[in-house]
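Engineer: Below are the structure tokens for one structure; questions will follow.
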Amino acid sequence: MADFDQELDASGLNCPLPILRAKKALGGMTAGQVLHIIATDPGAVKDFEAFAKQTGNELMESKEEGGKFLFMMKKN
Amino acid sequence: MTKDAILSGALLNIKVNVMSEKKLAIIATKGTLDWGYPPFILASTAAALDYTVEIFFTFYGLQLLKKDMKVQVSPLGNPGMPMPLAMDKWFPVIGTAIPGMQSIMTMMMKNKMKSKGVASLEELREMCVESEVRIIACQMTVDLFEMDASSFIEGVEFGGAALFFEFAGEADVTLFI
């Protein structure tokens, strides 16, 4: 598992909370830092792809593990 | 030659930057629990995606601006609302007529949302305010229904349709809810 600077556990939260919480977390980070996000909402996969595309934050990794969806997002 | 290339490159850069700033305008006209979600979800998500967002609350949408949102949900006028045991065939009119039934249904829906990790309306509204979504209340409706503006949350602007169009005219996405 790659390094990350902050972790956001959005397990059990449904749309749009994972995105909103991630936005808030990224707001408190500096450019280049990586946010590790854990979610159980299957819709979050496409949501984070769109979020990365729209905001310019890089979605470095997106995978499913142990029934949860894990994302690594780098702040631009 | 080089000067032209630099100038057009700069102009293109400016154009791209301006183009990437998207605007969302929403008119919120309904004041029930289920109709309260679309404006707040769309506004907060768009704001998270770096849109500039403005919501114009009018008519029953003003209920969503009250500090104490007492909005309810009803199967009445909501064809297609899923109900257990084929109750949707007879319940909407007869069942809703029973006093207190609407409050019970509202409580059931709120509990269901909580158990499924769906945000409450208050939380979504708070996120909108935090993301600097511009909130405008229709002055005319406030006067019409003789509403008390002090019962609204902080940061609400008051205006009319022309104020809405000032923003909506430039918006990429305009929604009527």
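Residue numbers (our numbering), protein chains in the order written: chain D, 5 to 80; chain Z, 116 to 292. No residue lacks a Cβ here, since even glycine has one placed at the ideal position from N, Cα and C.
What residues are listed by DSSP as bridge partners for Z:Phe-273?
Structural biologist: DSSP output for Z:Phe-273 lists Z:Ala-252 as bridge partner(s).
Engineer: How about Z:Leu-343: is its C-beta nearer than 8 Å to some C-beta of chain D?
Structural biologist: Given that chain Z is displayed from residue 116 to residue 292, the structure contains no residue 343 of chain Z and the question cannot be resolved.
Engineer: Using a Cβ-Cβ distance under 8 Å, would Z:Ala-140 count as near chain D?
Structural biologist: By this cut-off, Z:Ala-140 is not an interface position.
Engineer: List, in chain order, every chain D residue whose beta-carbon is nearer than 9 Å to that of Z:Val-233.
Structural biologist: Correct list: Leu-17, Asn-18, Cys-19 and Leu-21.
Engineer: Less than 8 Å between the CB atoms is what I'm expecting for D:Leu-17 and D:Ala-29, so what's the real figure, rounded?
Structural biologist: So it is not a contact: roughly 13 Å between Cβ atoms.
Engineer: Let me make sure I understand the geometry here. Which of Z:Val-208, Z:Glu-261 and Z:Ala-201 has the alpha-carbon closest to that of Z:Gly-192?
Structural biologist: Cα-wise, what sits closest to Z:Gly-192 is Z:Val-208.
Engineer: Counting contacts by CB-CB distance shorter than 8 Å, is D:Thr-59 in contact with chain Z?
Structural biologist: By this cut-off, D:Thr-59 is an interface position.
Engineer: Name, please, each residue of chain Z whose Cβ falls closer than 7 Å to the Cβ of D:Ser-27.
Structural biologist: According to the sequence displayed, residue 27 of chain D carries Lys and not Ser. The answer, in chain order, is Ala-163.
Engineer: Measuring alpha carbon to alpha carbon, tell me which of Z:Leu-157, Z:Trp-205, Z:Gln-187 and Z:Phe-273 ends up nearest Z:Asn-226.
Structural biologist: Among Z:Leu-157, Z:Trp-205, Z:Gln-187 and Z:Phe-273, the Cα nearest to that of Z:Asn-226 is on Z:Gln-187.
Engineer: Rounded to the nearest angstrom, what separates Z:Ile-268 and Z:Ser-189 at their Cα positions?
Structural biologist: Spanning the two alpha carbons is a distance of roughly 25 Å.
Engineer: For D:Ala-43, count neighbouring C-beta atoms within 10 Å of its own C-beta (all shown protein chains included) and say buried if the count is 16 or more, exposed if not.
Structural biologist: Label assigned to D:Ala-43: buried.
Engineer: Measure from the alpha carbon of Z:Leu-179 to the alpha carbon of each residue in Z:Phe-280, Z:Thr-289 and Z:Val-271, then state which is nearest.
Structural biologist: Checked all of Z:Phe-280, Z:Thr-289 and Z:Val-271; the closest Cα to Z:Leu-179 is Z:Val-271.
Engineer: Can Z:Ala-158 and Z:Leu-139 be called in contact, C-beta distance under 8 Å?
Structural biologist: Yes, the pair counts as a contact, with Cβ atoms nearer than the cut-off.
Engineer: Enumerated in chain order, which unbroken segments of the alpha helix (DSSP H) with a length of 4 residues or greater are wholly contained in the stretch 128-210 of chain Z?
Structural biologist: Those alpha helix (DSSP H) runs which fall completely within the stretch 128-210 of chain Z and span 4+ residues are 148-163 and 206-209.
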